[in-house]
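Have a look at the structure below before the remarks.
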Amino acid sequence: MKSLDFYREGDYKEYYKMLQFFMRICGLWPYQSYFAKYFFIIMTMFLSEGILVGQLTEVVQNRNDLNEVIDCVPNMVITIIVGIEFTGLIFNSEKLKICIDRIAEDWQQLSSNEEIELLKSFTVEGQKLAFVYIFYVSLTGFMFLLQPVLVLSLNSDNSTDAKSTLPYRVQYGIDIEKYYYEILFHSYVSLVSHLLVLSSINLIYISFIQHACGLFSVIGYKLEHIGDEEGLDVDLNMKKVDDNNYRIALDCLRKHIKVIEFSESVDASFSVSYLFNLGFFVLILAVSGTQVLMHSDDMNEAVRYASLFISIIIQIFWQCWQAQRLLNYSNIPYESACQGHWYYTSTRCKKTLALIMIRSSKPCEITAMNLVTFSIETFSSLFAAMKLIRIDTINILTMRVAITYGVKVINMVCHTKNIIKYILRSFRSQSKLHIKTLLLKMMKNCNLITGEEEIRILRSYSERSRQLTLIYA
6 MKSLDFYREG DYKEYYKMLQ FFMRICGLWP YQSYFAKYFF IIMTMFLSEG
56 ILVGQLTEVV QNRNDLNEVI DCVPNMVITI IVGIEFTGLI FNSEKLKICI
106 DRIAEDWQQL SSNEEIELLK SFTVEGQKLA FVYIFYVSLT GFMFLLQPVL
156 VLSLNSDNST DAKSTLPYRV QYGIDIEKYY YEILFHSYVS LVSHLLVLSS
206 INLIYISFIQ HACGLFSVIG YKLEHIGDEE GLDVDLNMKK VDDNNYRIAL
256 DCLRKHIKVI EFSESVDASF SVSYLFNLGF FVLILAVSGT QVLMHSDDMN
306 EAVRYASLFI SIIIQIFWQC WQAQRLLNYS NIPYESACQG HWYYTSTRCK
356 KTLALIMIRS SKPCEITAMN LVTFSIETFS SLFAAMKLIR IDTINILTMR
406 VAITYGVKVI NMVCHTKNII KYILRSFRSQ SKLHIKTLLL KMMKNCNLIT
456 GEEEIRILRS YSERSRQLTL IYA
């Protein structure tokens with residue numbers, strides 16, 4: 006059965022209806038017509054990123070007021086984050102198609118009811134997690150939608166500035182008081198578009214991660230029961246035709262290779278966008294946390310920035326938690342191979358199990374271009390780093406004590422000038438010695454290499470380092 010037929014007529018199509026719906030309305034479903042695909046992509050980009058023009062104009066007009074610029078940063082960065090994530094999936098549409106096709110193929114290759122039920126349980130769990138995330142996003146968006154209504158209702162004397170009641174800080178060069186409802190409508194449309202795009206992207210992320218975890222569990226289930234029907238009198242050199250355990254192990258090896266490739270495709274689809282987003286998330290956390298302290302006397306503003314801070318924390322936790330699940334479940338084949346009755350299997354089967362265990366020693370990860378691995382440990386480190394923000398950060402950002410800090414730095418430099426010179430002199434002499442030692446070792450290693458293939462490999466890496474040096478220079 007083809008992948009398209011699987012999602013249209015397959016027995017498990019109901020588990021992916023929600024995924025199809027959200028991918029279709031954003032133009033990310035690989036089996037849409039070209040007209041529908043590009044129409045939805047253009048409309049999604051226009052509705053979600055159109056607000057960025059007004060946000061940038063607001064920043065430019067208030068460029069001389071640092072406090073106003075800082076107020077504009079969080080929501081503007083969120084708009085940029087949505088655009089980066091959506092654009093990243095558009096450019097990785099081929100990888101998305103590979104993952105969608107692989108899901109359909111994996112379902113059709115399951116051979117027993119136990120395997121089907123196991124993968125089905127993970128798929129249903131993914132649906133529940135998707136519902137929870139969509140509910141959370143909808144609730145957060147609803148709070149932002151209600152902000153203008155609540156502010157206006159609490160200030161019935163019309164003394165509230167119209168600009169402060171808008172969900173986004175925007176400027177279009179027109180009278181905001183006169184065109185308030187038009188601008189408010191545009192802000193609402195952009196907000197709903199942001200929520201829709203974020204829901205679609207995270208639904209894809211959840212569905213793919215859950216499928217990979219389910220396949221690792223299926224492989225683990227088969228490996229745990231390998232050798233159950235054998236005894237101590239097993240023939241270690243039995244024929245392949247009679248070696249049922251070998252066939253099971255070989256099937257697990259093939260499935261294991263495929264699920265690893267699937268996980269790598271998922272990582273490649275999100276890796277670049279997650280690298281940029283992680284930096285932007287840290288920026289929003291720093292700015293919004295600072296703004297909560299700065300507006301401690303204004304309850305409306307403090308609550309708004311506090312809710313934004315909490316939303317970003319939850320988003321980072323969600324990404325790290327799902328990545329941690331993939332990391333944990335990718336170790337299941339190794340543990341299951343150890344727990345199974347491998348000692349009742351043939352030598353051929355044991356060698357196949359060893360291949361699975363060797364590959365399982367390297368866990369499957371979701372990374373930010375291999376620079377940061379998303380996990381609970383990463384989230385804990387980030388959360389601990391956010392605790393380092395102190396009230397002094399406000400003073401630095403608002404430039405209230407910039408002169409004081411500048412004088413302190415100058416005094417420190419003047420008093421420690423001689424110490425710095427001594428440290429630099431020592432560092433240079435030590436560096437020259439180490440560099441000379443390294444060059445001598447490189448020459449010695451080059452002289453030890455005699456084979457043509459070894460020389461070719463070393464030359465290729467040397468040429469690559471030369472090219473990187475030229476690029477850097």
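All the letters of the sequence shown, read from the start, carry residue numbers 6 to 478 under the numbering used here. The beta carbon of each residue, even a glycine, is placed where N, CA and C say it ideally should be.
Exposure of residue i, with buried meaning 16 or more beta-carbon neighbours within 10 Å
i, result
"residue 479", "This structure does not reach residue 479, given that the chain is present from 6 up to 478, and the question cannot be answered."
"residue 176", "buried"
"residue 421", "At residue 421 the pLDDT is 44, less than 50, meaning the model places this residue with poor confidence; the figure from the coordinates comes in the next sentence. Per the 10 Å Cβ criterion, exposed."
"residue 380", "buried"
"residue 222", "buried"
"residue 450", "exposed"
"residue 289", "buried"
"residue 481", "Coverage of the chain is limited to positions 6 through 478, which leaves residue 481 absent and any answer about it impossible."
"residue 13", "exposed"
"residue 447", "exposed"
"residue 343", "exposed"
"residue 260", "buried"
"residue 84", "buried"
"residue 272", "buried"
"residue 465", "exposed"
"residue 408", "Per-residue confidence for residue 408 stands at a pLDDT of 37, beneath the threshold of 50, marking its modelled position as unreliable; no derived number is given."
"residue 117", "exposed"
Test item: CB-CB of residue i and residue j under 8 Å
i, j, result
"residue 369", "residue 205", "no"
"residue 3", "residue 280", "For residue 3 there is no data in the structure shown, the boundaries of the chain being 6 and 478."
"residue 193", "residue 357", "no"
"residue 345", "residue 232", "yes"
"residue 316", "residue 336", "no"
"residue 371", "residue 331", "yes"
"residue 64", "residue 81", "yes"
"residue 338", "residue 475", "no"
"residue 282", "residue 86", "yes"
"residue 20", "residue 132", "yes"
"residue 120", "residue 185", "no"
"residue 196", "residue 149", "yes"
"residue 58", "residue 67", "no"
"residue 214", "residue 135", "no"
"residue 302", "residue 174", "no"
"residue 146", "residue 94", "no"
"residue 291", "residue 300", "no"
"residue 387", "residue 321", "yes"
"residue 42", "residue 270", "no"
Inter-residue Cα distance where the pair is residue i and residue j
i, j, result
"residue 88", "residue 453", "53 Å"
"residue 334", "residue 367", "12 Å"
"residue 24", "residue 248", "41 Å"
"residue 350", "residue 268", "30 Å"
"residue 187", "residue 91", "26 Å"
"residue 298", "residue 310", "10 Å"
"residue 138", "residue 97", "23 Å"
"residue 383", "residue 377", "8 Å"
"residue 217", "residue 50", "30 Å"
"residue 202", "residue 140", "14 Å"
"residue 69", "residue 284", "25 Å"
"residue 172", "residue 28", "26 Å"
"residue 458", "residue 473", "23 Å"
"residue 414", "residue 26", "Per-residue confidence for residue 414 stands at a pLDDT of 39, beneath the threshold of 50, marking its modelled position as unreliable; no derived number is given."
"residue 296", "residue 304", "12 Å"
"residue 22", "residue 11", "12 Å"
"residue 354", "residue 257", "11 Å"
"residue 412", "residue 198", "Legend: pLDDT at residue 412 = 41, less than 50; position of this residue unreliable, no value from coordinates given."
"residue 45", "residue 443", "57 Å"
"residue 418", "residue 455", "Because the pLDDT at residue 418 is just 41, under 50, the model does not fix this residue reliably, and the value given afterwards should be weighed accordingly. When rounded, the distance between both Cα atoms is 54 Å."
Legend entry - Segment contact flag, the segment 101 to 117 with the segment 29 to 49, C-beta cutoff 8 Å, min 3 pairs: yes
Legend entry - Inter-stretch contact (C-beta, 8 Å, three-pair minimum) for the segment 109 to 119 and the segment 273 to 288: no
Inset, instruction - Could you pull out every unbroken beta strand (DSSP E) segment of at least 3 residues lying fully inside the segment 42 to 83, listed in chain order? - result: none
Legend entry - Cβ contact (3+ pairs, closer than 8 Å) linking the segment 51 to 64 and the segment 125 to 136: no
Inset, instruction - Please go through the segment 345 to 398 and give each complete alpha helix (DSSP H) segment of 4 or more residues, from N-terminal end onward. - result: 352 to 365, 381 to 391
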